[in-house]
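Asks: The structure's right below; bear with me while I get my questions together.
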Amino acid sequence: MAAGNVNPFNVSDSEEEAEQRQDGADTERSPSDEAQGHSLGPFSPPAYSEPAALLSSNRTSPSVDGIPASAAAVAGIGGGGAETRVSLDAIAAQLLRDQYILAALELHTELLEAGRELPRLRDYFSNPGNFERQSGTPPACKEQGVGPGGPLNRAGSISTLDSLDFARYSDDGNRESDERLAVLEFELRKAKETIQALRANLTQAAECEIPSQERKNYKSSPEIQEPIRPLEKRALNFLVNEYLLKNEYKLTSITFSDENDDQDFELWDDVGLNIPKPPDLLQLYRNCGNSLPLHRETVDVAVNVDPNDLPGDYFTQESVQQTEAIQQQEVVQELEYQISLLNSEKQSLAEQIKKLQSDIQALQRNVLSDPTSAVKLIQSKEDTPCGKPPLDNGQYLDIRGVTEMDSSSDANTTKTSTTTTATTDCTESTATATQPYNKLKSQSQQGKSSVQFDQPNRKLSPAFHQALLSFCRMSADSRLGSEVSRIADSEQSVMLMLGRCLPHIVPNVLLAKREELIPLILCTACLHPEPKERDQLLHILFNLIKRPDDEQRQMILTGCVAFAQHVGPTRVEAELLPQCWEQINHKYPERRLLVAEACGALAPYLPKEIRSSLVLSMLQQMLAEDKADMVREAVVKSLGIIMGYIDDPDKYSQGFELMLLSLGDPSERVVSATHQVFIPAFAAWCTELGNLQSQLIPSLLTRIEKLLKSEYGLDEHKLHMYLSALQSLIPSLFAVLLQNAPFTSRAKLQGDVPPIEVTRFPRPASPLQDVATIVGSREQLAVLLQLHDHQLQHEGTTGWDSLLWVVNQFLPQLIDIVGRFNVTSSTCVHEFCRFFWRLCRTFGKIFTNTKVKPQFQEILRLSEENVDASTGNGILTKATVPIYATGVLTCYNQEEDRKLLVGFLEDVMTTLSLSHAPLDSLKASFIELGANPVYHELLLTVLWYGVVHTSALVRCTAARMFELLVKGVNETLVAQRVVPALITLSSDPEISVRISTIPAFGTIMETVTQKELLERVKMQLASFLEDPQYQDQHSLHMEIIKTFGRVGPNAEPRFRDEFVLPHLHKLALCNNQQTVENKRLDIATQLFEAYSALSCCFISEELMVNHFLPGLRCLRTDMEQLSPEHEVILSSMIKECEIKVENKGIGEAQGSISIAASLVGEDAKTKFLSKMGQLTTSGAMLANVFQRKK
């Protein structure tokens, strides 16, 4: 199972699981619920973002992995609508069915606290058989197969971090005792489970201990007390002890427990398994006179059963009946609420019927008395409920279902005929009056049926088309949106619309509610016969609001789409597009934003020639010239919609240039919109053209290769741009593989298809990047994935050209690129690691193990014969190592993958160390993996391998790697794992190994806050400085001074004052006695760098006088003889310190020591600091700072 997958790039799968479980819950709703949810579309604003923390690697249990998903499932069931309620028993059944055990346990606990215990949950958690079945091989192990040790798993207590002993991983290879301990622990657990099972049998035996005949004798003679049974005694003992503890009778409870030493009072299962725990004594006392007589009386009357003849579990059944009665009461309340709603609706309909009947009687009386007046009355009654439906429902175009545009005319025709029939049923005398209206309506229907739109010659799936159109932000759900989306077809309907809209116009037209005018403007523009007047009205529409906000723009766009649907593509081109063109350079960005959004919203209703020429050019101009980020963002989204409708192959090159232009935009909003909308739409078009694998992806790879060959160095920004585009194309590439596979023709939705695991794919940046959306549906994707895995495992890749292209061309070219850029570029390494991680997770575990890993392993050949060969180690110093370790080996975080990762890192560390190769690739791997706390223990395991290695070179490398790992590891691990390893290395026989530990010790002093830990490190550093055997170790002193200069400003002030400054003073004093000039200069140079760094810290007057100034004077003595250019700066520093000591008050006010504070004038100070910022360690640069100008 993929539940244990770890996302090393801060992609939290818990959010994705919740969303996926919500989707799964939605599929089980009724069709009415689906219709309601469909209006949201699959693109309700997503909350996708790259999370900052990574998942734990120990998530092997479905119960742990499923907690967030179960919560989402419960929310999905409960939130299906206000009028539907799901029983708690159904929720519990769903949680148990999906193996969300912890969520079910939490629900069970809450219900127990509320006094509403569910029998289903009670029976499940009281049955040990359920948990015995789950304590075997976890799902992750089932997929991997049982290892050499069978289904026996190592006990969790043995492999925890706190109990892990470094001695176990020594190189003696003796682990038999550990394995024996694990076996014994397993046998102990099985024995306890057997004991619990035997107790269950004893419980049942205790129930039947007294013969039934003897029990009847006791019942027939109440004066004879029936002896207490063992089960009853243990249960009462448990309740009594529980009562004593709750009421603070602790001594009595202890005595009571001692007198019943054969019973465990902490565990109810000790009383009897499969026996539910009764309420406490207080509850039993309170209910003894209420509930039981009531139930007995009910049974006697209804069934005529003697209570003495009831079975033994009768009262257990009564508790179940109580729970069911509560649930049934909730259902009854819900049904009563619905009945009240229906009654109110019934009353309103009855009132309407009475009104209609009175109107009919009035008409009949008028017909009998005066036929002429009857006709007038009929005409005046056209606005009654009998005449209203045809004007409202039959005479308007409703655009609330944009994707159902083609079927709207048929629906309207059906509504018209139905409404006409209903109108004639009101009274026979109204038929004559409605004939002119029906004639006018039939003419309008003919006009609407003649409107045709150009359909692109495309093969996009309906789901993808619908998802793409959801980016047209329109609002038809509100009252005003409903008015805007209905276009009138006659003068009568115009009058009705005026009547509806004028009440809203009058109070709001002078305020910021001018959108109330939009329905009037649109209706008039649609029906007005003069083109000039229509143009003026549309001009008013686009200039109606000076700076329209988001809601107002949506309303205007809704009106534009309604206008386009009504008038057809010709008038849209002639009347609407010129208004957009006029606003393209408007001074207000909100108006330009309206134009950009209108181009996308009107794309489906434009002629295809205009769509791929004029509109595309308008958007391209706005993308290149507009200065507002929000405008360019809307332009990119509209371009994506255009790419979903364009069908001119000659526009491919223009689309590619637009993609590059969008990716290179300085705004993150624009780049994000490019990845979410434009690239998926453009990839879908390239897939139809057959250009995805032949042109689009190769073009991006070619540009990446050109960046690597550039003489001006690697442009990391462009590399990120191209690589992120490739990453966004991965879902489309995988969809091409599925849709062009040999098994595609056999992919049919038949039978039970296993659902897709929620962690099967990485979370998409946009719904358009969801493989299920690209393919068509999640069910279709599940079928294709099943066939895909079977094909790779059993039938191979013969005849699968799209997959062969990925394996034989795409992957080798990528691996070659990875091996050619500098591994020290952490940004590039991180980007490629993310890319390969998403590639492997999208294409699946089988593809990764059989196609990706072998290609890397072929290049990264590790063998002992190549340790000393320079040719065999070149690739190990490249970025291939960290990308393979982090981007490929961490995709599926299961035991075999972790073992492979540990072995690979150990081999790389050994090979690089023994061949004296640079360690940059290993450092990059540790930095990438160390960013995820999940891998800290794994990295420490690798480093311990280096600590106990026989080669001093490998031990030196391990010591230096600890420095990289300390900053990200929590202090507990530092204390338990890192410091012991470093202390072991600090006593190594090789002096080079001991010296290599100093930077790591310094980093601990810089980052750790535990006093005990700091004291241990301080003692170790003191031993390096004070032990006589290190007095002549020049390299050790160099490393210590360098470390002091690096960590001193950030370390704890007490450590700096009591340890760093005094020892620097001693080292400076000893350096005055050094006779070897080169060593003396090296130490002096390092001391100068350390003192320069520490001079920025606050130093007390006592330390200044006793250590800091004397150390500077000793250093100046060395520099006078060895480097006069340094002596000038040191003199300035000494003078500054002396002034600070003399002016104590000024020094306390400033709070820090500044080298340049003594310079006179602000200009001179600025120049001095700028020069100091340019200083390097070279003496020539230092000398030039204080040279006099000639």
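My numbering applies: residue 6 is where the sequence shown begins, and numbers increase by one.
Note that the Cβ used here is the ideal one computed from N, Cα and C, for glycine as well.
Remember, predicted model here, so these are calculated numbers, not experimental data.
Reducing DSSP to helix, strand and coil, say where His1068 ends up.
Replies: It is helical.
Asks: Whose C-beta lies closer than 6 Å to the C-beta of Gln457 among residues of the same chain, with five residues either side of it excluded?
Replies: The answer is none, since no qualifying residue turns up.
Asks: Among the candidates Phe547, Glu587, Glu339, Leu607, whose CA atom is the shortest distance from the CA of Ala567?
Replies: Among Phe547, Glu587, Glu339, Leu607, the Cα nearest to that of Ala567 belongs to Leu607.
Asks: Identify, in the order they occur along the chain, each residue of the same chain with its Cβ nearer than 7 Å to the Cβ of Ile526, setting aside the five sequence neighbours on each side.
Replies: Excluding sequence neighbours, Ile526 sits near Leu542, Ile545, Leu546.
Asks: Are the CB atoms of Ser733 and His793 within a distance shorter than 8 Å?
Replies: Their beta carbons are not under 8 Å apart, which means His793 does not touch Ser733 by this criterion.
Asks: Quick one: using the 10 Å Cβ neighbour count with 16 as the cut-off for buried, is Thr891 buried or exposed?
Replies: Counting Cβ neighbours within 10 Å, Thr891 comes out buried, since at least 16 surround it.
Asks: Do Gly1050 and Ala1005 come within 8 Å of each other at the CB atom, strictly closer than that value?
Replies: Against a cut-off of 8 Å, the Cβ pair of Gly1050 and Ala1005 comes out as no contact.
Asks: Counting only runs of 4+ residues fully inside the region 644-713, write out the alpha helix (DSSP H) ranges in chain order.
Replies: Taking only runs of at least 4 residues, the alpha helix (DSSP H) segments lying wholly in the region 644-713 are 657-668, 673-678, 684-694.
Asks: Going along the chain, which residues of its own chain have a beta-carbon closer than 7 Å to the beta-carbon of Cys565, five neighbours each way excluded?
Replies: Excluding residues within five positions, the ones whose Cβ falls inside 7 Å are Leu581, Ala603, Ala606, Leu607.
Asks: Count the other C-beta atoms from every protein chain shown that fall within 10 angstroms of the C-beta of Asn975, then say buried if there are 16 or more, exposed otherwise.
Replies: Result: exposed.
Asks: State buried or exposed for Trp586, treating a residue as buried only when at least 16 other CB atoms are found within 10 Å of its CB.
Replies: Exposed is the call here.
Asks: Determine the closest residue to Asn265 out of Val939, Arg239, Gln557, Glu614, with distance taken between C-alpha atoms.
Replies: Measuring from the Cα of Asn265, the nearest candidate turns out to be Arg239.
Asks: Can you have a look at Thr692 and say buried or exposed, based on whether 16 or more other CB atoms are within 10 angstroms of its CB?
Replies: Thr692 comes out buried.
Asks: Under a Cβ-count criterion, where at least 16 other Cβ atoms within 10 Å of its own Cβ denotes burial, should Leu4 be classed as buried or exposed?
Replies: In the structure as shown, the chain starts at 6 and stops at 1195, and residue 4 therefore has no counterpart that could be examined.
Asks: Work out the CA separation of Val636 and Pro594 for me, nearest whole Å.
Replies: If you take the alpha carbons of Pro594 and Val636, they lie about 7 Å apart.
Asks: With DSSP as the reference, identify every bridge partner of Arg239, one or two as the case may be.
Replies: None, per the DSSP bridge assignment.
Asks: Which one or two residues does DSSP pair with Arg234 in a beta bridge?
Replies: None, per the DSSP bridge assignment.
Asks: What is the residue span of the alpha helix (DSSP H) that Val1052 lies within?
Replies: From DSSP, the alpha helix (DSSP H) with Val1052 extends over 1039-1052.
Asks: What does the alpha-carbon distance come out to for the pair Leu244 and Glu115?
Replies: Using only the alpha carbons, I get a separation of about 21 Å.
Asks: Quick one: give me the first and last residue of the alpha helix (DSSP H) that Gly564 is part of.
Replies: Taken as a continuous stretch (DSSP letters only), the alpha helix (DSSP H) holding Gly564 covers 555-572.
Asks: Give me, in chain order, the residues of the same chain whose beta-carbon lies closer than 7 Å to that of Phe841; leave out the 5 immediate sequence neighbours on both sides.
Replies: Ile888, Gly892, Val893, listed in sequence order.
Asks: Enumerate, from N- to C-terminal direction, the unbroken alpha helix (DSSP H) stretches of 4 or more residues contained entirely within the region 572-603.
Replies: Here the runs fully enclosed are 582-587.
Asks: Given a threshold of 16 other Cβ atoms within 10 Å of its Cβ, counted over all protein chains shown, does Gly1007 qualify as buried or as exposed?
Replies: Label assigned to Gly1007: buried.
Asks: How about Lys723 and Leu706: are their beta carbons less than 8 Å apart?
Replies: Result no, Cβ atoms of Lys723 and Leu706 do not sit closer than 8 Å.
Asks: Would you say Leu719 and Phe852 are within 8 Å of each other, going by their C-beta atoms?
Replies: Cβ distance not < 8 Å, so Leu719 and Phe852 don't count as in contact.
Asks: Can you give the Cα-Cα distance for Lys928 and Ile864, rounded to whole angstroms?
Replies: Their backbone Cα atoms lie some 20 Å apart in a straight line.
Asks: In this structure, how does DSSP classify Gly879 when only helix, strand and coil are distinguished?
Replies: Of the three classes helix, strand and coil, the one that applies to Gly879 here is coil, per DSSP.
Asks: Could you give the residue range of the alpha helix (DSSP H) that holds Val971?
Replies: Run containing Val971: 957-971, per the alpha helix (DSSP H) assignment.
Asks: Between Pro772 and Ala963, how many whole angstroms is the CB-CB distance? I'm expecting something under 8 Å.
Replies: With 8 Å as the limit, Pro772 and Ala963 do not qualify as a contact, their Cβ atoms being about 47 Å apart.
Asks: Between Ile1003 and Glu1031, is the Cβ-Cβ spacing less than 8 Å?
Replies: Contact flag unset, no.
Asks: Would you kindly report the start and end of the unbroken alpha helix (DSSP H) that includes Ser729?
Replies: Its alpha helix (DSSP H) spans residues 721-744.
Asks: Buried or exposed for Thr977, going by 16 or more other Cβ atoms inside 10 Å?
Replies: That one is exposed.
Asks: Could you check the C-alpha separation between Pro654 and Leu945 for me, to the nearest Å?
Replies: Near 56 Å, if we compare the C-alpha coordinates of Leu945 and Pro654.
Asks: Measuring CB to CB, does Pro574 end up less than 8 Å from Leu611?
Replies: Yes, the Cβ-Cβ distance between Pro574 and Leu611 is below 8 Å.
Asks: List the endpoints of the continuous alpha helix (DSSP H) containing Arg839.
Replies: 831-848 is the extent of the alpha helix (DSSP H) around Arg839.
Asks: Determine the extent of the alpha helix (DSSP H) in which Pro985 is found, giving its start and end residues.
Replies: Counting along the chain, the alpha helix (DSSP H) containing Pro985 begins and ends at 984-991.
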